[in-house]
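Residue numbers (this note's numbering): 1 to 494. In this text, a Cβ means the ideal position worked out from N, Cα and C, and glycines have one as well. Contents: one structure, followed by commentary.
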């Protein structure tokens, strides 16, 4: 048997922070000190995130308690590894990645260098950074909030809801809040890209005004949030968040979900003031979610309608009404420039059903995020299943010239073979089928020896070994990233 070494099959280097950390691995991990961690028997109970979590961490074997203490946002992966001499690089990598994925760790490297004026807002954003994973840290989400702008429209001078909302948004940390009452400036220039508007109506809805506001925001590609409390109908609407690129227009909403009446008596004047405080707080929270992308929105392509007397609510979905000149124009009017509001007649029930069950469209992905997704895809392509608790049999990273076709090696009966298959022969077969050809740290694309059309990323090879020279009979798993066999079950040779 001829053995030829290949220069393109280098030995895989050790795990280091510089070359082998996954994209979703924090560069300077920080365990969230804002959480409550309670030891209980062999577990750690953690409270403060989206939901309570428990971690199995039996002492003294587990590195999790010491790792939580060491992850202060100042140490890199290599420094953490040096501070935990009893931990292996692979175990530490998996532990930090899991904690980061569960929302218990943030990447302090993503924090801006500026100071944070509202520590309470920062603490909240840190605790919920793992809900949507749109931010690598709470500081990054806070920076989005600080660089944003909100236009506040209000038609209720007596209740002064806009002033309350403006004060709340400024306290939360929104960079710029502009009260406009009912003005629609024709040449208003937005100072930042992260902008939105909110309309507050605490004494019923002026539909004509909202139609004008919807057109004004649509021309400027500005999303706007609708908050309406109608005392006469004893009803309150929270949402929707209108966005010209993603949601139907206000006219479609008005035709399908207009407020027609409520139940019971109307709200008293003193109770209306209390309700105003509550709805302004709800609006401030939703605006914060929208600007920071920290949590899913309750008003995204939907509306929460509350019966203020019975203390109940309904979730109503939006749809594009057939015949609306903006959302779903008829074929004979498309491109004519006709500005008539609509020619809506009867609505087809099939169209209504399709709009209700359809998935909400997502905003366009920025170019920088597309680059991040490309890095994530590359990292996932290089990942492979491992069995770290099994006994491993390393295989030689050399190509051995086979003296017979590979398929014949497995199809010949054991009795008819002159000699058993060797480990080197098996290594060559595994490498040239599912093995990695290029494992260089800087490689952007995974290359294999066999033509796979990109479909072998999730293939798992298990071997039933009966007669292989140098291997004990049993079940093995092939770890392609390390080019080795994991022995996990012993079996007889028959």
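Residue 44 sits in a strand when the DSSP states are folded into three classes.
When the Cα atoms are used, residue 118 and residue 289 turn out to be separated by approximately 16 Å.
DSSP places residue 203 in no beta strand (DSSP E); its state is neither H nor E. Per DSSP, residue 166 is one residue of the alpha helix (DSSP H) stretching across 161-172.
Counting along the chain, residue 474 sits inside the beta strand (DSSP E) bounded by residues 474-479. For residue 140, the enclosing alpha helix (DSSP H) has its first and last residue at 138-146. Distance check between residue 349 and each of 326, 488 and 319 places 319 closest, using alpha-carbon atoms only.
C-alpha of residue 199 to C-alpha of residue 178: approximately 12 Å in a straight line. CA-to-CA, the gap between residue 245 and residue 72 works out to about 41 Å. When secondary structure is reduced to three states using DSSP, residue 290 falls in the helix class.
Comparing C-alpha distances from residue 231 to each of 86, 276, 251 and 190 shows the shortest one belongs to 276.
In this structure, the beta-carbon distance from residue 487 to residue 460 does not fall below 9 Å. The continuous stretches of beta strand (DSSP E) do not include residue 79, which lies in the alpha helix (DSSP H) extending over residues 77-83. Take the alpha-carbon of residue 85 and the one of residue 463: they are about 35 Å apart. Rounded to whole angstroms, residue 297 and residue 282 show a C-alpha spacing of 12 Å. Beta-bridge partners of residue 227 (DSSP): 200 and 238.
In the structure shown, residue 94 falls within a helical segment according to DSSP collapsed to helix, strand and coil. Contact annotation: the region 90-105 does not touch the region 247-258, with fewer than three C-beta pairs closer than 8 Å. Contact between residue 216 and residue 184 holds, since their C-beta atoms are separated by about 5 Å, short of 8 Å. By the criterion of at least three beta-carbon pairs nearer than 8 Å, the region 220-227 is in contact with the region 236-245. With respect to the 9 Å criterion, residue 480 and residue 436 are classified as neighbours on the basis of their beta carbons.
Sorting 202, 56 and 90 by C-alpha distance to the C-alpha of residue 25 places 90 at the top. Cβ atoms of residue 75 and residue 28 come within 8 Å of each other, at about 7 Å.
Nearest Cα to residue 193 within the set 220, 213 and 180: 220.
Under the three-state reduction of DSSP, residue 243 is assigned to coil, being neither helix nor strand.
Contact between the region 117-132 and the region 46-64 is established, with three or more Cβ pairs separated by less than 8 Å. DSSP, read as helix, strand or coil, puts residue 317 in strand.
In this model, residue 204 and residue 247 are separated by some 23 Å (Cα to Cα). The beta-bridge partner set that DSSP reports for residue 124 is empty. According to DSSP, residue 423 shares a beta bridge with no other residue.
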